[in-house]
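Taking it in order: structure first as structure tokens, then the write-up.
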Amino acid sequence: MNVTIVDYQSGNISSVINSFTEVAKGKVNLEVTSDIKKIKSTDKIVLPGQGSFKSCVDSLNSIDGLVDTLKDFAITKKKPLLGICVGLQMFANVGYEEAETKGLGWIPGKVSKIDNRNGKFKLPHIGWNEIEIQKESKIFKDIKNKSHMYFVHSYEFIPEDKSVISSTTDYSSKIVCSVERDNLFGTQFHPEKSDKIGLKIIDNFLKL
Amino acid sequence: MLKKRIIPCLDVKNGRVVKGINFVELKDAGDPVEQAKIYSDGGADEICFLDITASNENRETIIDIVRKTAKECFVPLTVGGGVRTIQNITDLLLAGADKVSINTAAVKDVSFVKESSKKFGSQCIVVAIDAKKVSDKKWEVFTHGGRKKTGIDAVEFAKQVEINGAGEILLTSMDRDGTKSGYDVELLKVITDSTNIPVIASGGVGTLDHLYDGIVKGGASAVLAASIFHYGEYKIKEAKEYLNSKNVSVRL
């Protein structure tokens with residue numbers, strides 16, 4: 001099996017590469033690329049994302065044909081794709097970080113700033129928080145409810161259809177921390193930085 | 209609920225750990241990679257490397273260490289010391305660091321914080337503030353390990369780095385650093401109250417109660433400590449169990 005981490009020159013993806021390499025060892029072929037041809041022929045895609053919503057969307061759009069290729073892969077062909085952090089947020093129609101920016105529009109919804117309740121909650125939401133599993137999820141196989149995951153973000157994804165939400169976490173309000181719809185997966189937290197439990201999630205995705 | 213983080217810090221000089229962990233099971237007490245792995249396996253919420261190598265020529269050494277550590281530790285890794293240029297940050301992030309901590313370069317010109325957070329995202333920019341008490345309820349920013357006075361008010365500077373896009377503040381009390389007499393809780397409280405980004409407490413930990421004070425009395429989101437963990441006085445797990453017993457929410 002071939003798994004591709006999309007490298008679209010946005011932010012630091014070293015940790016994603018390191019963790020996937022560790023889990024993939026001897027099991028799957030892992031490639032890090034922005035080559036459209038290679039992305040088209042792969043079996044699974046990982047879409048990381050760091051920095052702002054706008055900068056990530058701009059970077060995706062700057063590579064000719066990438067957005068269409070990803071859409072064809074995940075939406076038309078329904079092959080497995082995992083978005084991490086801003087990679088997940090970009091599934092939305094629109095994001096409001098820096099400036100109002102159009103997202104991929106794969107899962108209707110918006111990405112807006114977490115309500116810090118007049119400074120009562122510090123932002124970014126940085127550190128380990130418990131996930132509350134909302135529905136059965138293929139990537140949460142053998143993951144206990146209330147497991148700790150590592151978060152770093154100031155914006156949250158608010159999907160219109162709540163049935164896509166697979167887990168939430170408590171910070172100022174119930175924040176969506178993962179979504180799942182058929183072949184489409186996304187985590188707001190960083191499985192690649194969430195110790196052994198995070199590696200387990202990566203393993204679940206690779207085993208799909 | 210968001211957990212309070214415990215962050216062990218390793219001082220690295222010319223590629224070797226200074227004041228290393230004194231554990232019998234260690235093969236090489238000076239190897240930063242091995243020590244980071246012990247901390248990560250022991251439940252550290254993040255790992256911090258502080259490169260105290262004096263010369264610029266040795267930058268490659270820390271990058272190599274970060275590269276090796278990042279392949280074995282799957283918790284966030286912060287690297288500080290000598291981060292002065294965008295290129296320094298790029299090199300460390302590419303090697304596998306998740307965050308960099310900027311000190312002198314931020315004091316010299318706060319727009320460097322803005323430039324780097326814009327380029328890499330606030331999530332990976334930590335500003336390290338070394339503060340010293342100069343009079344009642346007044347702290348000043350110092351650089352060069354507390355030797356150089358800058359005339360900048362620490363509270364004002366903390367607000368400035370937040371405005372310029374820092375994701376976190378690593379606040380070290382130069383009066384307490386190395387004394388084992390506890391964090392400067394008063395300083396912590398004033399900084400955590402005047403900013404809206406997470407503050408990591410540093411400088412002065414000697415007992416587990418000090419960690420509690422930093423979090424509960426000082427309002428810190430995370431506590432950083434070096435020697436109490438290095439010399440094996442306490443294991444990370446013991447620190448967490450202690451905090452948990454006193455109703456501080458930690459990742460166990």
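From first to last, the protein sequence lines stand for chains A and B.
Position 54, counted from 1, in the first sequence is what the working numbering calls 54; the numbers after and before it change by one each time, with no gaps.
Converting from the second sequence to the working numbering requires adding 208 to each position, the first position being numbered 1.
Just so it is clear, CB atoms sit at the ideal spot from N, CA and C, and this is done for glycine as well.
Please read these numbers as outputs of a predicted model, since none were measured by experiment.
Runs of alpha helix (DSSP H) lying entirely within the segment 41 to 92 of chain A, each at least 4 residues, in chain order: 53 to 62, 66 to 71 and 86 to 89
For residue 190 of chain A, the first and last residue of its enclosing alpha helix (DSSP H): Counting along the chain, residue 190 of chain A falls outside any alpha helix (DSSP H), and DSSP gives it neither H nor E.
Check whether residue 369 of chain B and residue 398 of chain B have beta carbons under 8 Å apart: no
Cα-Cα separation between residue 403 of chain B and residue 366 of chain B, rounded to whole angstroms: 7 Å
Chain-ordered neighbours of residue 52 of chain A on chain B, where CB pairs are closer than 8 Å: 329
DSSP state of residue 5 of chain A mapped onto helix, strand, coil: In the three-state reduction of the DSSP assignment, residue 5 of chain A falls in the strand class, which pools E and B.
Listed by chain order, chain A residues near residue 395 of chain B by CB distance under 8 Å: The premise fails here: residue 395 of chain B is roughly 17 Å from chain A at the closest Cβ pair, so nothing lies under 8 Å.
The segment 49 to 58 of chain A contacting the segment 98 to 105 of chain A, beta-carbon criterion three pairs below 8 Å: With a cut-off of 8 Å, the segment 98 to 105 of chain A and the segment 49 to 58 of chain A count as touching, because enough Cβ pairs lie within range.
Contacts that residue 436 of chain B makes with chain A (C-beta to C-beta distance below 9 Å): Correct list: empty, because the minimum Cβ distance to chain A is about 21 Å.
Contact check, residue 126 of chain A vs residue 151 of chain A, beta carbons under 8 Å: yes
Candidates A:7, A:93 and A:77: closest to residue 62 of chain A by CA position: A:7
Supposed contact pair residue 70 of chain A and residue 45 of chain A - C-beta distance, whole angstroms, cut 8 Å: Right, the Cβ-Cβ distance comes to about 7 Å (below 8 Å), so this counts as a contact.
Residue-chain proximity (residue 431 of chain B, chain A), Cβ-Cβ < 8 Å: False, the Cβ-Cβ gap to chain A never drops below 8 Å.
C-beta neighbour in chain A for residue 304 of chain B, strict 8 Å: yes
Proximity test, Cβ basis, 8 Å: residue 383 of chain B and chain A: Chain A contact via Cβ: absent.
Buried versus exposed, by CB contacts within 10 Å (16 or more), residue 171 of chain A: buried
Pick from A:118, A:188 and A:88 that is closest to residue 105 of chain A, judged by C-alpha positions: A:88
Short-range partners of chain B found in the segment 123 to 135 of chain A, where Cβ spacing is below 8 Å: 123, 124, 125, 126, 127, 128, 129 and 130
Beta-carbon gap between residue 310 of chain B and residue 291 of chain B smaller than 8 Å: Contact flag set, yes.
Counted within 10 angstroms of its Cβ, other Cβ atoms place residue 209 of chain B as buried (16 or more) or exposed: Looking at its Cβ environment, which holds fewer than 16 other Cβ atoms inside 10 Å, residue 209 of chain B is exposed.
Beta-carbon neighbours of residue 404 of chain B, restricted to chain A and to distances below 7 Å: 116, 119, 122 and 123
Cβ of residue 193 of chain A within 8 Å of any chain B Cβ: yes
Contacts around residue 372 of chain B, its chain only, beta-carbon distance under 8 Å, and the 5 residues preceding and following it disregarded: Contacts found: 318, 319, 321, 322 and 325.
C-alpha gap between residue 423 of chain B and residue 73 of chain A, whole angstroms: Answer to the nearest angstrom: the Cα atoms are 47 Å apart.
As assigned by DSSP and simplified to three states, the class of residue 253 of chain B: Residue 253 of chain B: coil per DSSP, three-state reduction.
Below-8 Å beta-carbon distance, residue 179 of chain A vs any chain B residue: no
Other residues of its chain near residue 357 of chain B: CB distance less than 7 Å, five sequence neighbours each side excluded: 348 and 350
Residues in the segment 276 to 287 of chain B having any Cβ partner in chain A nearer than 7 Å: Those would be 278, 279, 282, 283 and 284, in chain order.
C-beta atoms of residue 250 of chain B and residue 454 of chain B nearer than 8 Å: No, Cβ-Cβ distance for residue 250 of chain B and residue 454 of chain B is not below 8 Å.
Beta-bridge pairing of residue 310 of chain B - partner residues as DSSP gives them: In the DSSP secondary-structure assignment, residue 310 of chain B is bridged to B:335.
Below-8 Å beta-carbon distance, residue 204 of chain A vs any chain B residue: Interface criterion not met: the Cβ of residue 204 of chain A is under 8 Å from no Cβ in chain B.
DSSP three-state assignment for residue 99 of chain A, whether helix, strand or coil: coil
Listed by chain order, chain B residues near residue 11 of chain A by CB distance under 9 Å: 301, 328, 329, 331 and 332
Cα-Cα separation, residue 190 of chain A to residue 438 of chain B: 28 Å
Continuous beta strand (DSSP E) stretch holding residue 155 of chain A: start and end: 155 to 159
Enclosing beta strand (DSSP E) for residue 204 of chain A [first to last residue]: Segment 195 to 207 is the alpha helix (DSSP H) holding residue 204 of chain A; no beta strand (DSSP E) there.
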